[in-house]
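Protein chains in written order, with the numbering used here: chain A, 655 to 1131; chain B, 277 to 740. A virtual CB, placed ideally from N, CA and C, is assigned to each residue, including glycine. Bear in mind the structure is a predicted one, so any value in this text is a computation, not a measurement.
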Ligand code: SF4
Ligand code: SF4
Ligand code: SF4
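Encoded structure:
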């Protein structure tokens, strides 16, 4: 019984001997690791659910051989790809099989992040201290003094030092099992087979992330006979990369993902949609402000609540069956300093949601008034906080200027937070954008989880209305 | 006395021996030696077995790196008479024939419109399209998308995983998309640059996935204000190799939702990544968003590597080692790109009699729309042509408007005229030789063309 394909159809279309032989060089450690992996999959009875992720490196073609689900990943990204598979199907047994360049050099960030995440995947790391596929260049695990194509005089300090992955992974909190094994003797091979099986078993049981580093032979680039390369690994690699279990804190199964939920009710609730029809109070669109599309600018400093007020106007418009948009000041300006919002209320469709020349300006402070007052259209409205700016004269006589002490009124109500609601009240009274009920419905909607605050907001709104009416009446006199 | 079961002895089909000798040194009984001659079929010197003294210890089998090299011969098995390919016993299971598990529609109740930001609308669109696997790395101005996903996905049995980088993000998507499930990310220009290797792999391996790129100012870090400077990246620079992706350009929060849903439909239809590209302004823009009447419960396509019995035989890979294979594959990809051209979409505004045709996408299209209205008020017959797909470019739709168009004005938020270049290329490939004069209104660096600038420009070219 075998988890290997009967015929390696993907190996040069299975032609000739290739249908039964691997692409690995004679004596390559990959073949042994493959065999132990295949045995483990067979013994654990998980062939159907296994997804093997092959890397870039000599084992790039692992999918030629394993009769399991197969994915071939970009260089270094096998662990990230493996996590994608595991999240998609937590019942799958996902094995990331990688070499030293892939796992310990280009993919180091993905390797460490996946390990630290701790989700149950199995990572088999083949460390042969050299780049095989590209032709014998230096690996991150190449030994000091070892000659390679890119360290022709032997690796020295300027090339950095060999990275000890098993130890590095073991000191992370995510992984539960980390072992380094080798292939150079019957005893080591047995341990290697056992470790690989254990690392997969841990995943099968949902107990966590497991990592097995395999010291392997690359006779081709060591330029040694296979038996000599076994000896080389034993004598040269093992002292730098000591064998054994580096971490074993395997505990209870913990990994479980919820079933994806496609229940319509759950969705509607999650996104806060509502089937309740909103009441409409507007008899007509406020054509006296603009025949089709009323543009507003709300401007103040950070805590003035200009954005909330803007949102309430847009929401009110949409509740009434009009179109509404809101764009917050965007970019660095939004961090402290002025905060402004462009709002549109359109009969049918907002064409341009920006308000470079607003019909209405609602200014919470003097700088905003100075900056945007000059942009207001002829025949438009300027509402400003008269607690801060006094006796504002319009730039154009056709503009109606209304000063209401937003801040003072809010302070009088004992809560500065409602300053923007006072302003909305003033806006209502001065412009007749919507009836009061429209504003209040939007405010109540926004406060649906804080119903206690509704009376205060209503008081604030009414106070704003009253103050604006008084201002306008006084002006007429 | 317990019966001692005779342990199996090794056997070898000489052709499958690579002559590495790893088995030779482990046999203490001296049963294994190199042959005297080269095997003419393989060109290597294989080993030969002399099993007289063999104890069946199996050490040689464990030492052989070849799957079909040394193996145990069960008692009574006669290997010489069998077909070498059948020598290795029964398979655990027959390779399965992959099956298609179809997606389903789930009816939604009628609800009132939501009043939400573009980024939120796109996230909700993804959820409606059945996406329950979202990966991402926070980057302004796209972060609201990831934030809403982090909040909503757990409530809907979904996964939001904050990746270690955009590189990891796209590869998580490669895994989940390869498993056949809808997956997406929110990103912004520099983050999208980082994802391009993965996008190329996804195209090569035919893995679906949706990328929402909320474009910001570049190059380099640039700034976090809106730009449309990734158009050339989307249309001509999606990583290495022969790559293209359908690229949708919404211009309202409603479209952020609708086009994200469409993106999922298309990414599965074509088994290829799809991009939704908006400017940073649109991501932040709040507007009216109506939900559709149904949501998608995804299935599992037949090609997926899901990690179950039904899909075990599948492979996700972009490797075509033999040159002729890669040529065949790329020819197939070109055919696929060609077939995507039917997805070209556009919208027009007041073009029935327009002589000045504005062309714009995303938020600049809103400014242009406003400008069209203003220009009409000034008696100028202006109209707007808004590509909804920038790739494929809706060239047929544009061509139809050209006969009465006296001038084309491309309004865009980048310095080099990336949208204009798409337009020119598309018209040129479509064999349109005579173009009306093309002028442009461009702002960039984080500034968008304003309605007034568009109006002024058109007035000036009309001599008013
Ligand atoms: S180059 Fe080295 S690692 Fe690669 S297949 Fe050959 S022996 Fe194995
Ligand atoms: S099974 Fe043991 S004794 Fe027999 S050939 Fe193999 S190593 Fe030698
Ligand atoms: S280990 Fe296998 S491939 Fe190597 S010489 Fe022995 S039988 Fe041949």
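Task: Beta carbon proximity, residue 439 of chain B to chain A, threshold 9 Å - done: yes
Open item on the list: Under 8 Å: do the segment 459 to 473 of chain B and the segment 439 to 450 of chain B share three or more Cβ pairs, one atom per stretch?
Closed with: yes
- [ ] In angstroms with no decimal places, state the Cα-to-Cα distance between residue 993 of chain A and residue 559 of chain B.
- [x] 18 Å
Task: Cβ distance (whole Å) where residue 335 of chain B is taken to contact residue 307 of chain B below 8 Å - done: Incorrect: roughly 11 Å between the Cβ atoms, too far for contact.
Open item on the list: Less than 9 Å between the beta carbons of residue 734 of chain B and residue 609 of chain B, yes or no?
Closed with: no
- [ ] Ignoring anything shorter than 4 residues or poking outside the segment 373 to 449 of chain B, list the alpha helix (DSSP H) runs there in chain order.
- [x] 394 to 404, 419 to 428
Task: Collapsed DSSP secondary structure at residue 701 of chain A in the structure displayed - done: coil
- [ ] Mind checking the segment 287 to 299 of chain B against chain A and listing, in chain order, the residues whose C-beta falls within less than 7 Å of any C-beta there?
- [x] 291, 292, 294, 295, 296, 297, 298
Task: 9 Å Cβ cutoff, residue 702 of chain A in contact with chain B - done: yes
Open item on the list: I want to know whether the segment 522 to 539 of chain B touches the segment 548 to 567 of chain B - three or more CB-CB distances under 8 Å.
Closed with: yes
Open item on the list: Which residues of the segment 719 to 744 of chain A have a Cβ closer than 7 Å to any Cβ of chain B? Give them in chain order.
Closed with: 719, 721, 722, 723, 724, 725, 726, 727, 728, 731, 734, 735, 736, 737, 738, 739, 741, 742, 743
Open item on the list: Under 8 Å: does the beta carbon of residue 331 of chain B sit that close to some heavy atom of ligand 2?
Closed with: yes
- [ ] Please say whether residue 863 of chain A and residue 769 of chain A have beta carbons closer to each other than 9 Å?
- [x] yes
- [ ] Report yes or no: is there a C-beta of chain A within less than 9 Å of the C-beta of residue 301 of chain B?
- [x] yes
Open item on the list: Any heavy atom of ligand 3 closer than 8 Å to the beta-carbon of residue 746 of chain B?
Closed with: Residue 746 of chain B is absent from the model: chain B starts at 277 and stops at 740.
- [ ] Just list the beta strand (DSSP E) runs in the segment 953 to 1028 of chain A, keeping only unbroken ones of 3 residues or longer that don't cross its boundaries, in chain order.
- [x] 977 to 982, 992 to 1000, 1014 to 1017
Task: Short-range partners of chain A found in the segment 645 to 678 of chain B, where Cβ spacing is below 9 Å - done: 645, 646, 647, 648, 649
TODO: Mind checking who residue 523 of chain B pairs with in its DSSP beta bridge?
DONE: B:551, B:667
Open item on the list: Quick check on residue 970 of chain A: buried or exposed, where buried means 16 or more other Cβ atoms within 10 Å of its Cβ?
Closed with: buried
Task: Cβ pair count under 8 Å reaching 3, the segment 667 to 679 of chain B against the segment 697 to 704 of chain B - done: yes
Open item on the list: Between residue 712 of chain A and ligand 1, is there a pair consisting of the residue's CB and a ligand heavy atom that are separated by less than 8 Å?
Closed with: yes
Open item on the list: Could you tell me which whole alpha helix (DSSP H) segments of length 4 or greater appear in the segment 657 to 724 of chain A?
Closed with: 683 to 698
- [ ] Can you have a look at residue 516 of chain B and say buried or exposed, based on whether 16 or more other CB atoms are within 10 angstroms of its CB?
- [x] exposed
Task: Complete alpha helix (DSSP H) runs within the segment 821 to 860 of chain A (minimum length 4 residues, chain order) - done: 840 to 858
Open item on the list: Along the chain, where does the beta strand (DSSP E) containing residue 623 of chain B start, and where does it finish?
Closed with: 622 to 625
Task: the segment 852 to 870 of chain A: positions lying closer than 8 Å to chain B by Cβ - done: none
Open item on the list: Does chain B have any CB closer than 9 Å to the CB of residue 1038 of chain A?
Closed with: no
TODO: Could you work out which residue in A:943, A:868, A:880 is closest to residue 753 of chain A when comparing CA atoms only?
DONE: A:868
Open item on the list: Taking only three categories from DSSP, how would you classify residue 502 of chain B?
Closed with: strand
Task: Cross-chain neighbours of residue 403 of chain B in chain A, by beta carbon under 9 Å - done: 921, 924, 925
Open item on the list: Looking at ligand 3, does it come within less than 8 Å of residue 288 of chain B, judged from the CB to the closest heavy atom?
Closed with: yes
- [ ] Tell whether a beta-carbon distance below 9 Å holds between residue 1077 of chain A and residue 1126 of chain A.
- [x] no
Open item on the list: Taking 8 Å as the cut-off, is the beta-carbon of residue 297 of chain B closer than that to any non-hydrogen atom of ligand 2?
Closed with: no
Task: Contact list for residue 1006 of chain A against chain B, beta-carbon separation under 7 Å - done: 642, 643, 645, 646, 727
TODO: Could you tell me whether any non-hydrogen atom of ligand 1 is closer than 8 Å to the CB of residue 872 of chain A?
DONE: yes
Task: The alpha helix (DSSP H) enclosing residue 613 of chain B, as first and last residue numbers - done: 599 to 616
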